[in-house]
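Participant:
Protein chains: 4
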Amino acid sequence: MKEDWLEELIAATGTDKRNERQMRILEAAVDMFSEKGYSATSTSEIAKRAGVAEGTIFRYYKTKKDLLFAVVMPTLTKFAAPFFVQTFVKEIFDNTYDSYENFLRTVIRNRFEFARKHFPMLKILIQEVPFQPELKDEIQQLFAKEIYSRFEKIANHFQEQGQIIEIPTPGVLRFTISAVIGLILTRFLLLPEEKWDDEAEIESTVQFILYGLTPRR
Amino acid sequence: MKEDWLEELIAATGTDKRNERQMRILEAAVDMFSEKGYSATSTSEIAKRAGVAEGTIFRYYKTKKDLLFAVVMPTLTKFAAPFFVQTFVKEIFDNTYDSYENFLRTVIRNRFEFARKHFPMLKILIQEVPFQPELKDEIQQLFAKEIYSRFEKIANHFQEQGQIIEIPTPGVLRFTISAVIGLILTRFLLLPEEKWDDEAEIESTVQFILYGLTPRR
Amino acid sequence: MKEDWLEELIAATGTDKRNERQMRILEAAVDMFSEKGYSATSTSEIAKRAGVAEGTIFRYYKTKKDLLFAVVMPTLTKFAAPFFVQTFVKEIFDNTYDSYENFLRTVIRNRFEFARKHFPMLKILIQEVPFQPELKDEIQQLFAKEIYSRFEKIANHFQEQGQIIEIPTPGVLRFTISAVIGLILTRFLLLPEEKWDDEAEIESTVQFILYGLTPRR
Amino acid sequence: MKEDWLEELIAATGTDKRNERQMRILEAAVDMFSEKGYSATSTSEIAKRAGVAEGTIFRYYKTKKDLLFAVVMPTLTKFAAPFFVQTFVKEIFDNTYDSYENFLRTVIRNRFEFARKHFPMLKILIQEVPFQPELKDEIQQLFAKEIYSRFEKIANHFQEQGQIIEIPTPGVLRFTISAVIGLILTRFLLLPEEKWDDEAEIESTVQFILYGLTPRR
DNA sequence: CATGAATGAGTGTTCATTCAT
DNA sequence: GATGAATGAACACTCATTCAT
Numbered sequence: 001m002k003e004d005w006l007e008e009l010i011a012a013t014g015t016d017k018r019n020e021r022q023m024r025i026l027e028a029a030v031d032m033f034s035e036k037g038y039s040a041t042s043t044s045e046i047a048k049r050a051g052v053a054e055g056t057i058f059r060y061y062k063t064k065k066d067l068l069f070a071v072v073m074p075t076l077t078k079f080a081a082p083f084f085v086q087t088f089v090k091e092i093f094d095n096t097y098d099s100y101e102n103f104l105r106t107v108i109r110n111r112f113e114f115a116r117k118h119f120p121m122l123k124i125l126i127q128e129v130p131f132q133p134e135l136k137d138e139i140q141q142l143f144a145k146e147i148y149s150r151f152e153k154i155a156n157h158f159q160e161q162g163q164i165i166e167i168p169t170p171g172v173l174r175f176t177i178s179a180v181i182g183l184i185l186t187r188f189l190l191l192p193e194e195k196w197d198d199e200a201e202i203e204s205t206v207q208f209i210l211y212g213l214t215p216r217r
Numbered sequence: 001m002k003e004d005w006l007e008e009l010i011a012a013t014g015t016d017k018r019n020e021r022q023m024r025i026l027e028a029a030v031d032m033f034s035e036k037g038y039s040a041t042s043t044s045e046i047a048k049r050a051g052v053a054e055g056t057i058f059r060y061y062k063t064k065k066d067l068l069f070a071v072v073m074p075t076l077t078k079f080a081a082p083f084f085v086q087t088f089v090k091e092i093f094d095n096t097y098d099s100y101e102n103f104l105r106t107v108i109r110n111r112f113e114f115a116r117k118h119f120p121m122l123k124i125l126i127q128e129v130p131f132q133p134e135l136k137d138e139i140q141q142l143f144a145k146e147i148y149s150r151f152e153k154i155a156n157h158f159q160e161q162g163q164i165i166e167i168p169t170p171g172v173l174r175f176t177i178s179a180v181i182g183l184i185l186t187r188f189l190l191l192p193e194e195k196w197d198d199e200a201e202i203e204s205t206v207q208f209i210l211y212g213l214t215p216r217r
Numbered sequence: 001m002k003e004d005w006l007e008e009l010i011a012a013t014g015t016d017k018r019n020e021r022q023m024r025i026l027e028a029a030v031d032m033f034s035e036k037g038y039s040a041t042s043t044s045e046i047a048k049r050a051g052v053a054e055g056t057i058f059r060y061y062k063t064k065k066d067l068l069f070a071v072v073m074p075t076l077t078k079f080a081a082p083f084f085v086q087t088f089v090k091e092i093f094d095n096t097y098d099s100y101e102n103f104l105r106t107v108i109r110n111r112f113e114f115a116r117k118h119f120p121m122l123k124i125l126i127q128e129v130p131f132q133p134e135l136k137d138e139i140q141q142l143f144a145k146e147i148y149s150r151f152e153k154i155a156n157h158f159q160e161q162g163q164i165i166e167i168p169t170p171g172v173l174r175f176t177i178s179a180v181i182g183l184i185l186t187r188f189l190l191l192p193e194e195k196w197d198d199e200a201e202i203e204s205t206v207q208f209i210l211y212g213l214t215p216r217r
Numbered sequence: 001m002k003e004d005w006l007e008e009l010i011a012a013t014g015t016d017k018r019n020e021r022q023m024r025i026l027e028a029a030v031d032m033f034s035e036k037g038y039s040a041t042s043t044s045e046i047a048k049r050a051g052v053a054e055g056t057i058f059r060y061y062k063t064k065k066d067l068l069f070a071v072v073m074p075t076l077t078k079f080a081a082p083f084f085v086q087t088f089v090k091e092i093f094d095n096t097y098d099s100y101e102n103f104l105r106t107v108i109r110n111r112f113e114f115a116r117k118h119f120p121m122l123k124i125l126i127q128e129v130p131f132q133p134e135l136k137d138e139i140q141q142l143f144a145k146e147i148y149s150r151f152e153k154i155a156n157h158f159q160e161q162g163q164i165i166e167i168p169t170p171g172v173l174r175f176t177i178s179a180v181i182g183l184i185l186t187r188f189l190l191l192p193e194e195k196w197d198d199e200a201e202i203e204s205t206v207q208f209i210l211y212g213l214t215p216r217r
């Protein structure tokens, strides 16, 4: 059960053909890239860990970089997925989320769990974005096209309701994301061995963002 | 003037002896590490860019990793330096900072300018922390010993005054830092080519943190 | 025919799979090590002489030292092999060797031919023993376990018969070996270009040892 | 001037003009060459051990090989020295040595002590002779010119007296030297940690050679 | 004279990639 | 398809030697 995200990953690539070898390669690549970084990981290590011949990797992925993208792109899409779902936006206007607070809480909880599950991949993503322009472009496009516009609608909705302060959407988004990423990195990367009360941390983060965005008296 | 941080760097290493070659090596290393990442940069590239023989690098730095640390450690110290200064803390109690707002504004402005000046090095630092345990340890120690305790005093001071909410200091610190790092990374890494009104962004970040930490009614 | 020992060597390693490349590497290594010494020979020279890529060497032998041992160990075993054979000892008591003289003559002739055939390897062995503790250990073990005890039996046998003097076995062994090695080194290393009557030299060496060990009147 | 070790040699025989630095270098070189072998020793190691700058070595010895010869040649000469001395030969005919036995005992004792004292250098010599043609030539010349002819006289003298067998001088020389070298290498190189009764070993070696060379009945 | 910084060719070893099997 | 042997360029690092100080 613990590796079922892999199945999702492969499913997401379009080829639902469950190729066991391919899966093992991707799995091994995620482990190694996450542990040592992309450049510092050799294809022979990945092959060994995957239990396949080195040549097999290059049958599926022409270059090492292709493998990196194959590993990373599906997760990227999945990470943004909730925002794609039409219902997601609809629910807000349908008063499923009657408040920005509820919206925040739901999204943060959701993304926090996503991070817990996919942290190795998230780590790869964060590490490699600055060095892989295609990755950066992909992310920026994803953000600009899919996430930003939806978030804007939501933000404007609550701004009109007077629930959150009237600052430009990029600011709202940045503050929100910074706080969430700050939580996630502290929790899973910087101090993973500390004892955490995740619910409490999420709640306090929600409150911090909420008050930070509260209209000033 | 644009590279004067380098002089600082070398001064910080203790060798005030201006060794031009050493400087060129460090400069080249920062450039390349920042551009391609530590693992993906070869010592021959650094040598070429520095205009020295490859052997010369190893005269000054026994291993490539030593070079990384030589590049990164002084900046780490400098980054934490403001917090070391006694007067820094004193000023707060002497009402130099009569409010958390003023304190926040001063610190953020200061660190923002530091980031602008040292961004390449900051990038290296962020990239390599997850793969260099010694680096992570150094940072954690620096935090635990030098920064956290001072910040705690300040936070408690303003908590007693009722200016900021009574939540555990680590939370206060994390929210503050997350917002600042979020600003810095967005500004210099993710969207550096955008037109930015830095003053306004800093101010809005200050306000966000401030309200986020305001005691709830 | 001149390089048939190589086949033996590889056969001795257990892999009877005739790998042509591996053979060429070993052949080249023996040539170079023998000619220039282990330290003074570079893996690139070996690769060039073997007609393979340098990387190929390291596919078969993880390190240069591994290659040295791969070259040297089988010969070591072969060198001691005659002493392992049970019949060797038996024959003496079965009066196949009715005298120490006959025994000496047989062994010296035998080892002399071995030396002629394997001299490059013998040279490597002699050169590297002082610098490779593992090699020295291996040889000492081989001596202690396999050679010494058998020789002791033989020596004691002829001592009891009054054919050779009653001095401690190590002495008998040392005198014998010194004379043989002295012959071999003079013949093949120091003055190889001289005209030699090998049979006569062997015979005179046999006689020298024999009389040197004759009981004193 | 590829033969400047000659200067060294001459200096050694005449006024010991070598300054302290030069001596420290030679001493360090002997230590290191003996310990790790010539090729495996770096000039920087020698410099460090000698407590001088690396450049200083090259002021005295143009190349590393020159240093090797400077280290080794004087010892070579010294080793052969006893044979140069006229009185050495004279004494034999003057009945100072009334027997080959006494002659043998004196020489072996003498060379044994020399070996004990200079063993590191002897080791270097033995190791490097096969790879340094100049060294081999020098030794062969030394042998041919200085040692062989004197030894021949002595050998013939005792052959005429009927004390030793009438075989060609090279054989007599080889048997004698083999036994002595065999003793020395076993004693100082192969089993140096064993407990040795040096006097007894020398004596038994003398007897072995003596009887080995005794005229056959 | 002595130094040690500087060099660039060379070291042993690893790498991503290819390709015959 | 899958393999793993083979490659040679690249890697981090060391070397003997030079030369300005």
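Chains A, B, C and D are the protein sequences, given in the same order.
Be aware that the first sequence starts at 1, since it is given in full-length UniProt numbering, and climbs by one per residue.
Be aware that the second sequence starts at 1, since it is given in full-length UniProt numbering, and climbs by one per residue.
Be aware that the third sequence starts at 1, since it is given in full-length UniProt numbering, and climbs by one per residue.
Be aware that the fourth sequence starts at 1, since it is given in full-length UniProt numbering, and climbs by one per residue.
Where is the CB? At the ideal position from N, CA and C, for every residue including glycine.
Cα separation between D/P120 and A/T43?
Facilitator: For D/P120 and A/T43, the distance between alpha carbons rounds to 48 Å.
Participant: Can you tell me whether DSSP reads D/P170 as helix, strand or coil?
Facilitator: Helix.
Participant: Return the residues of the segment 33-49 of chain D that lie within a Cβ-Cβ distance of less than 7 Å from chain C, sorted by chain order.
Facilitator: Those residues of the segment 33-49 of chain D that come within reach of chain C (Cβ to Cβ, closer than 7 Å) are K36, G37, S39, A40.
Participant: Are there 16 or more other CB atoms within 10 angstroms of the CB of C/G14, so buried, or fewer, so exposed?
Facilitator: Because the pLDDT at C/G14 is just 46, under 50, the model does not fix this residue reliably, and the point stays unresolved.
Participant: Starting from the Cα of C/G162, find the closest Cα among C/N19, C/L213, C/S178, C/E201 and give me that residue.
Facilitator: Of the listed residues, the one whose Cα sits closest to C/G162 is C/L213.
Participant: Using a Cβ-Cβ cut-off of less than 7 Å, list which residues of the segment 120-139 of chain A approach chain B; keep chain order.
Facilitator: Result list: K123, Q127, P130, F131.
Participant: By the three-class DSSP mapping on this structure, what secondary structure does B/I165 have?
Facilitator: B/I165 falls in the coil class under three-state DSSP.
Participant: Closer than 9 Å, Cβ to Cβ, to anything on chain B: give me those residues from the segment 203-214 of chain A, in chain order.
Facilitator: So the list reads S204, T205, Q207, F208, I209, L210, Y211, G212, L213, T214, given in the order they occur along the chain.
Participant: Using the Cα positions of A/T63 and A/V52, report the straight-line distance between them to the nearest angstrom.
Facilitator: About 16 Å.
Participant: With distances taken from CA atoms, which of A/V180, A/L190, A/E193, A/L189 is nearest A/E201?
Facilitator: Out of A/V180, A/L190, A/E193, A/L189, A/V180 has the C-alpha closest to the C-alpha of A/E201.
Participant: Suppose you measure from the CA of B/I25 to the CA of B/F69; what does that come to, to the nearest Å?
Facilitator: One C-alpha to the other measures close to 13 Å.
Participant: Does the beta carbon of residue 221 of chain D sit closer than 9 Å to a beta carbon anywhere in chain C?
Facilitator: There is simply no residue 221 of chain D to check, as chain D begins at 1 and stops at 217 in what is shown.
Participant: Check this for me: beta carbons of B/I124 and B/V30, under 9 Å apart or not?
Facilitator: Contact flag set, yes.
Participant: Within 10 angstroms of the Cβ of A/F103, are there 16 or more other Cβ atoms? Answer buried if so, exposed if not.
Facilitator: Looking at its Cβ environment, which holds 16 or more other Cβ atoms inside 10 Å, A/F103 is buried.
Participant: Does the distance from the CB of C/V206 to the CB of C/E101 come in under 9 Å?
Facilitator: It is a contact, given that the beta carbons lie within the stated cut-off.
Participant: Taking D/F33 as the reference, which of C/M32, C/S34, C/S39, C/A28 has the closest Cα?
Facilitator: Nearest option by C-alpha distance: C/S39.
Participant: Using 10 angstroms around the beta-carbon of residue 222 of chain B, count the other beta-carbons present and answer buried if the total reaches 16, otherwise exposed.
Facilitator: The requested residue 222 of chain B is not part of the displayed model; chain B covers only 1 to 217.
Participant: D/A81 touches chain C at which residues, Cβ-Cβ below 8 Å?
Facilitator: Within chain C, no residue comes near D/A81; the closest Cβ sits about 21 Å away, beyond 8 Å.
Participant: What's the C-alpha gap between D/E138 and C/K78?
Facilitator: D/E138 and C/K78: Cα-Cα distance of roughly 35 Å.
Participant: Kindly list the residues whose CB is nearer than 8 Å to the CB of D/F175, restricted to its own chain and excluding five residues on each side of it in sequence; keep chain order.
Facilitator: Cβ within range, chain order: I209, G212, L213.
Participant: Spatial neighbours of C/I46 within its chain, please: C-beta separation below 6 Å, excluding the five flanking residues on both sides.
Facilitator: Cβ within range, chain order: A28, A29, M32.
Participant: Can you name the start and end residues of the alpha helix (DSSP H) that C/N156 belongs to?
Facilitator: From DSSP, the alpha helix (DSSP H) with C/N156 extends over 149-160.
Participant: Using the three-state DSSP reduction, which class does B/E194 fall into: helix, strand or coil?
Facilitator: Coil at B/E194, not helix or strand.
Participant: The alpha helix (DSSP H) spanning C/G55 covers which residue range?
Facilitator: Residues 54-60.
Participant: Please tell me whether A/L142 and A/L67 are closer than 9 Å, where the distance is taken between their beta carbons.
Facilitator: Contact flag unset, no.
Participant: Using a Cβ-Cβ cutoff of less than 7 Å, which residues in the same chain neighbour C/T41 once the five nearest sequence positions on both sides are dropped?
Facilitator: Only M32, F33 meet the Cβ criterion.
Participant: Just list the alpha helix (DSSP H) runs in the segment 66-123 of chain A, keeping only unbroken ones of 4 residues or longer that don't cross its boundaries, in chain order.
Facilitator: With a minimum length of 4 residues, the continuous alpha helix (DSSP H) runs that stay inside the segment 66-123 of chain A are 86-93.
Participant: Go through its chain and collect everything with a Cβ distance to A/E91's Cβ below 8 Å, but skip five positions before and after it.
Facilitator: Excluding sequence neighbours, A/E91 sits near Y97.
Participant: Since B/L68 meets chain A, which of its residues come closer than 8 Å, beta carbon to beta carbon?
Facilitator: Ordered by position in chain A, no residue passes the 8 Å Cβ test against B/L68, which lies about 12 Å from the chain.
Participant: What would DSSP say about B/E203, mapped onto helix, strand or coil?
Facilitator: Three-state DSSP puts B/E203 in a helix.
Participant: Taking the alpha-carbon positions, what's the A/I167 to A/E193 distance?
Facilitator: Their Cα atoms are separated by approximately 37 Å.
Participant: Find the residues of chain C that neighbour D/T186, judging by a C-beta separation of less than 7 Å, and give them in chain order.
Facilitator: Under the 7 Å cutoff, chain C gives R174.
Participant: Please list, in chain order, the chain A residues whose beta carbon lies closer than 8 Å to that of B/I167.
Facilitator: The answer, in chain order, is S204.
Participant: With distance defined between alpha-carbon atoms, name the residue in A/N19, A/K65, A/K195, A/I164 nearest to A/P133.
Facilitator: Of A/N19, A/K65, A/K195, A/I164, the residue nearest in Cα terms is A/K65.
Participant: Tell me whether the beta-carbon of B/F58 lies closer than 9 Å to the beta-carbon of B/A115.
Facilitator: For B/F58 and B/A115, no; Cβs fall outside 9 Å.
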